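*Asks:*
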Amino acid sequence: MHGDQRAGHGAVIDVLQDLLAANDQVAVHNREHFDEHGVLAINLMSSPGAGKTALLEATIVALRDRYRIAVIEGDLETDNDAARIRAHGVPAIQITTGTACHLDAHLVHRALHDLPLAGLDLLFIENVGNLVCPASFDLGQHRNVTLLSVTEGDDKPAKYPVIFRASDLVVLSKADLLDVLDDFDPARAAAALRALGRDTPMIRTAARRTAAIGPWLDWLEQELAAWRPVVRPARSRIGAAVGV
Ligand SMILES: Nc1nc2c(ncn2[C@@H]2O[C@H](COP(=O)(O)OP(=O)(O)OP(=O)(O)O)[C@@H](O)[C@H]2O)c(=O)[nH]1
Ligand SMILES: [Mg+2]
Ligand SMILES: [Zn+2]
Ligand SMILES: [Zn+2]
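So in the numbering used here, the last spot in the sequence shown is 466, and the numbers never skip.
1) Kindly indicate the opening and closing residues of the alpha helix (DSSP H) around residue 444.
2) From which residue to which residue does the beta strand (DSSP E) around residue 369 run?
3) Taking 7 Å as the CB-CB limit, is residue 310 close to chain B?
4) In three-state DSSP terms, what is residue 346?
5) Within a Cβ cutoff of 8 Å, which residues of the same chain sit near residue 283, ignoring the five residues on either side of it in sequence?
6) Who are the near neighbours of residue 345 in its chain, counting only those whose CB is closer than 6 Å to its CB and skipping five residues on each side?
7) Under 6 Å from any heavy atom of ligand 3, does the C-beta of residue 328 make it?
8) Closest to residue 354 by CA distance: which of 275, 404, 383 and 336 is it?
9) Using the beta-carbon count (16 or more within 10 Å), is residue 235 buried or exposed?
10) Indicate the three-state DSSP secondary structure (helix, strand or coil) for residue 252 in the structure shown.
11) Can you check whether the CB of residue 272 is closer than 7 Å to the CB of residue 395?
12) In the DSSP assignment, what residue or residues form a beta bridge with residue 294?
13) By the DSSP assignment, the beta strand (DSSP E) with residue 263 in it spans what residues?
14) What three-state label does DSSP hand residue 391 in the structure shown?
15) In this structure, does DSSP put residue 332 in helix, strand or coil?
16) In this structure, how does DSSP classify residue 286 when only helix, strand and coil are distinguished?
17) Can you tell which of 445, 406, 296 and 447 has the C-alpha that lies nearest to the C-alpha of residue 319?
18) Tell whether a beta-carbon distance below 7 Å holds between residue 294 and residue 322.
19) When the Cα atoms are used, what is the spatial distance from residue 253 to residue 404?
20) Report the option in 360, 289, 315 and 286 whose CA atom is closest to the CA atom of residue 300.
21) Closer than 6 Å: is that where the CB of residue 501 sits relative to any heavy atom of ligand 3?
22) Kindly examine ligand 1 and report whether one of its heavy atoms sits closer than 6 Å to the Cβ of residue 437.
23) Note the first and the last residue of the continuous alpha helix (DSSP H) segment covering residue 306.
24) Can you name, in chain order, every residue of its own chain whose Cβ lies under 6 Å from the Cβ of residue 340, other than the five neighbours on each side?
This is the structure:
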């Protein structure tokens, strides 16, 4: 009986590995699209309601005169978030995943063919609110950013190490609430992040009313500058890897 269970488990692992390998192939293809057009693609992840869309709205207001921006929105249901982004005059494609609690490379590929990639500088992909599986699915993005809102607890990097380890930046969001919370210690959150063995930077943002997102805008500018020079045209390779 026990042996049978283990065999079943092994089969499940094989299926998962095949799924991830197929995903990774399409992710490579997506990245070729982004690179061909010189678009920096950023995957925003967090638990539900940590403030991803609010941060994007404030970012668009701050940067729309300097950069051409588009957004891919992932949610189980509704196009509320895409509508919020479009209200700021920026193209947004909503992906509704139904029951899937993460975006995958195939879903993003379908969406990106509906976007004017050629005219863009920055593409944000807002993942489904979830701190677990989004970390396992490469979408073809160049950078991963995870938001940790100060109402969630400063132990989250310790509890969800995979997503925080995969992050190039951690944003402590809703920092305007720090004054009224007596149980979130940013130093403890930073220590939990450091304990994962990466040098991941952590910055604070407040995106409501008077937005305070300066360090986030600085990080974006720095990443755009660092990334642009290494882009190479990839037109000749597109489609060769996976035939799409
Ligand atoms: N006080 C405060 N509230 C915020 C801030 N950012 C977002 N909120 C509020 O938090 C709630 C969720 O914000 P969203 O931007 O929708 O969060 P989200 O991560 O996009 O949510 P999902 O897409 O559903 O996962 C809303 O009521 C926002 O007004 C912030 O910086 N400070
Ligand atoms: Mg959202
Ligand atoms: Zn999932
Ligand atoms: Zn394609």
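Glycine included, every Cβ here is placed at the ideal spot set by N, Cα and C. This structure is a prediction, so every number in the text was calculated from the model and none was measured.
*Replies:* So, from the data block:
1) Locating residue 444 in the sequence shown gives position 222, counting from the first residue. Run containing residue 444: 436-449, per the alpha helix (DSSP H) assignment.
2) Residue numbering aside, residue 369 sits at position 147 when the sequence shown is read from its first letter. Its beta strand (DSSP E) spans residues 365-371.
3) No chain B is part of this structure, which consists of one protein chain only.
4) As a working mapping, residue 346 is identified with position 124 in the sequence shown. If DSSP states are grouped into helix, strand and coil, residue 346 belongs with the strands.
5) Counted from its first residue, the sequence shown places residue 283 at position 61. Excluding residues within five positions, the ones whose Cβ falls inside 8 Å are 310 and 433.
6) Position 123 of the sequence shown, counted from the first residue, corresponds to residue 345. Cβ within range, chain order: 261, 263 and 292.
7) As a first step, residue 328 is located in the sequence shown; it is residue number 106 there, counting from the start. Answer for residue 328: no, Cβ out of range of ligand 3.
8) Along the sequence shown, one-based indexing puts residue 354 at 132. Cα-wise, what sits closest to residue 354 is 383.
9) For this step, residue 235 is matched to residue 13 along the sequence shown. Exposed is the call here.
10) Numbered from its first residue, the sequence shown carries residue 252 at position 30. If DSSP states are grouped into helix, strand and coil, residue 252 belongs with the helices.
11) Here residue 395 refers to the residue found at position 173 when the sequence shown is read from its first residue. Here residue 272 refers to the residue found at position 50 when the sequence shown is read from its first residue. If you check the CB distance, residue 395 and residue 272 come in under 7 Å.
12) One-based indexing of the sequence shown puts residue 294 at position 72. The partner list for residue 294 (beta bridge, DSSP) reads 315 and 347.
13) Here the question's residue 263 lines up with position 41 in the sequence shown. Here the beta strand (DSSP E) through residue 263 covers 262-267.
14) If you number the sequence shown from 1, residue 391 lands on position 169. If DSSP states are grouped into helix, strand and coil, residue 391 belongs with the strands.
15) If you number the sequence shown from 1, residue 332 lands on position 110. Of the three classes helix, strand and coil, the one that applies to residue 332 here is helix, per DSSP.
16) Position 64 of the sequence shown, counted from the first residue, corresponds to residue 286. Coil.
17) As a working mapping, residue 319 is identified with position 97 in the sequence shown. Residue 296 is the option with its Cα nearest to residue 319.
18) Looking up residue 294 in the sequence shown gives position 72. Looking up residue 322 in the sequence shown gives position 100. In this structure, residue 322 does not lie closer than 7 Å to residue 294 by Cβ.
19) As a working mapping, residue 253 is identified with position 31 in the sequence shown. As a working mapping, residue 404 is identified with position 182 in the sequence shown. Distance between the alpha carbons of residue 253 and residue 404: 42 Å.
20) Here residue 300 refers to the residue found at position 78 of the sequence shown. It is 315 whose Cα lies nearest to the Cα of residue 300.
21) The structure shown does not extend to residue 501, since the chain is modelled only from 223 through 466, so no value can be given for it.
22) If you number the sequence shown from 1, residue 437 lands on position 215. Incorrect: residue 437 has no Cβ contact closer than 6 Å to ligand 1.
23) Looking up residue 306 in the sequence shown gives position 84. Taken as a continuous stretch (DSSP letters only), the alpha helix (DSSP H) holding residue 306 covers 302-308.
24) Within the sequence shown, residue 340 is the residue found at index 118, counting from 1. Within the same chain, residue 340 has close Cβ partners 259.
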